[in-house]
Amino acid sequence: MKRVALLLTIFVVMVSSVSAQQLVKKRVGMYTENGVTVVAEANTTLAIDLTIRYEEFVKGPYARYAQKFLGSRAPQVDFVEYEIVGADITVANDGYFLDNGQDDGLCESLPLGLTFPEVLPDKTSMQTLSAEQAAEKAAEMIIELRNIRLELICGELGDGVYGAGLESALKEIDRLEKSYMELFFGKSEVRTLHKRIYLPVDAERKSQVAARFNAEQGVLGIDNLDGDIIMVAIHPSAMEFPESNIKGKTTYRYANNATVILSLGQQILASSVLPIYEFGQTILH
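First residue of the sequence shown: 213, per the working numbering; consecutive thereafter.
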C-alpha cells in the first residue's frame with residue numbers, strides 16, 4: 213500500500229509539472245567571453261535541507277522509587293531521539309539555489325548535555341540519607357507543595373494572598389514542584405536541528421543514496437549501515453528540445469525538467485521539479 217502511495221505521488225507531481233515546463237540551458241565547451249577564455253560544463257548539484265527534531269532525556273535519580281512513593285512508573289533509562297520533521301530539495305548551482313540554509317553539522321549522535329547537579333535540589337540538610345529515604349522525603353515535599361498551592365488558591369493560608377503576590381507564590385511553587393518531579397520522572401530537552409547535504413547528480417544513475425538516518429544517531433554518512441537510506445530518485449520528463457543546427461558554432465546543454473523525489477524508506481520527505489542537465493540534451497545553435 214505504501215508503494216502504491218509513493219507511485220501515485222510521483223505521478224501527480226510529474227503530471228502537474230507538464231504545463232509549467234520551461235527550457236533551462238547553459239552554454240558549454242570552450243568559448244571566449246569578455247576577452248576571457250571559458251571552459252564550461254553543465255553539471256547539477258542538488259541541495260538537500262533536512263529539519264530534524266532532537267529530543268534528549270535523562271532519567272531521574274529517584275526513578276526506581278516513583279511507583280512506590282508516587283504511584284506511577286518512571287522511565288529508567290536515558291535516551292536521545294531524532295526525527296526528520298521537514299525537508300526540501302533544490303538545485304545548488306547556476307543561481308537556482310539561494311544559499312541561505314543552515315547546517316548544524318549533525319552527522320552523528322550529539323553528546324548528552326542534560327545532567328542533574330551533584331547536590332540535588334531536595335538536599336536541605338547535612339543529614340545523610342539513603343537514596344530510598346531521600347526519594348521518600350522528596351515525594352512528601354511534592355504532596356506538601358500541592359497542599360500549599362490548594363490552600364493559597366482557596367484562601368485558607370493565613371489571611372490569604374492576592375493579586376501579584378499570589379501569582380508569584382504559585383509560580384514559585386510550580387517551579388519547586390517541577391524540580392522535585394524531575395528527580396523521579398527525569399527531564400528532557402527538545403531542539404530543532406538543521407542538516408544540509410550536497411549531492412552531485414550522476415548521469416549514470418537515476419537513484420542515488422544521499423545519506424542515512426537512524427532515530428538514535430541522526431543523519432549518518434552513506435557508508436554507515438546503522439541507518440536507513442535517504443534516497444534521491446530522479447524521474448526525467450518527456451520533453452521536446454530545439455533541433456540541433458549541424459552548422460551551429462555555439463553549444464548549449466539543455467536541462468531536463470525532472471521530478472526529484474527525496475525519500476526515507478517508503479516515506480516521501482520532499483519532491484520537486486528541477487532542471488537536471490545530466491538527463492537533458494546538447495544542442496548546437
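Note that CB positions come from ideal geometry on N, CA and C, so glycine has one too.
Only a predicted model underlies this, so the values are computations on that prediction, with no experimental measurement involved.
Bridge partner(s) assigned by DSSP for residue i
i	result
F397	Bridge partners of F397: none, in fact.
Y464	R239, I495
G430	N426
P287	Answer is none; P287 lacks a bridge partner.
P412	T257
G298	T263
S391	Answer is none; S391 lacks a bridge partner.
M353	Beta-bridge pairing links M353 to no other residue.
L476	I442, Q479
E293	E267
Helix, strand or coil at residue i [DSSP, three-state]
i	result
E529	No statement about residue 529 is possible, as the shown extent of the chain runs from 213 to 497 and does not include it.
K459	coil
S449	coil
E405	The displayed chain sequence assigns Leu, not Glu, to residue 405. In the structure shown, L405 sits in a strand (DSSP, three-state: E or B).
F269	strand
D386	helix
A304	coil
G377	helix
S484	strand
N469	strand
S342	coil
Y274	coil
L364	helix
Q420	strand
L282	helix
D311	Only weak support is given to the placement of D311: the predicted model assigns it a pLDDT of 48, under 50, and the value that follows is read from those uncertain coordinates. Residue state, collapsed to three classes: coil.
E490	strand
Top-ranked residue by Cα proximity to residue i, from the options
i	options	result
K271	V248, G492, E401	E401
L496	P454, T471, L476	P454
A346	K280, I260, S284	K280
F491	F397, A445, K459, A350	A445
E293	R285, F269, E253, L282	F269
A350	F397, L364, E363	F397
R465	P448, G367, A343, E253	E253
P412	D440, A259, A470	A259
N436	I442, R424, M443	R424
T463	G241, I385, N359	G241
A470	I458, H447, G283	H447
K407	K238, R265, V248	R265
N457	G433, T494, S342	T494
D190	D261, L432, E245, E428	No information on residue 190 is available, as it lies outside the stretch 213 to 497 that the chain covers here.
Classification of residue i by the beta-carbon crowding that lies within 10 angstroms, buried from 16 upward
i	result
A217	With a pLDDT of only 49 at A217, under 50, the local geometry of the prediction cannot be trusted, and the value read off the model is given with reservation. A217 is exposed by the Cβ-count criterion.
L481	buried
Y277	buried
G430	buried
N468	buried
E344	exposed
A450	exposed
E394	buried
I488	buried
Q478	exposed
L362	exposed
D438	exposed
S483	buried
V236	buried
A427	exposed
L341	exposed
Cβ separation of residue i and residue j, assumed to be a contact under 8 Å, to the nearest whole Å
i	j	result
E379	L357	Contact flag wrong, Cβ pair sits at about 16 Å.
V421	M443	6 Å
Y410	T257	6 Å
P287	F328	That belief does not hold up - the Cβ atoms of P287 and F328 are roughly 14 Å apart, past 8 Å.
L476	I296	6 Å
L486	V303	5 Å
D392	I354	It is worth fixing the name first, because residue 392 is Tyr in this sequence and not Asp. About 5 Å separates the two Cβ atoms, so the contact holds.
K399	L282	The pair is not a contact, with the Cβ atoms about 16 Å apart (cut-off 8 Å).
G298	T244	Not confirmed; about 45 Å, so no contact.
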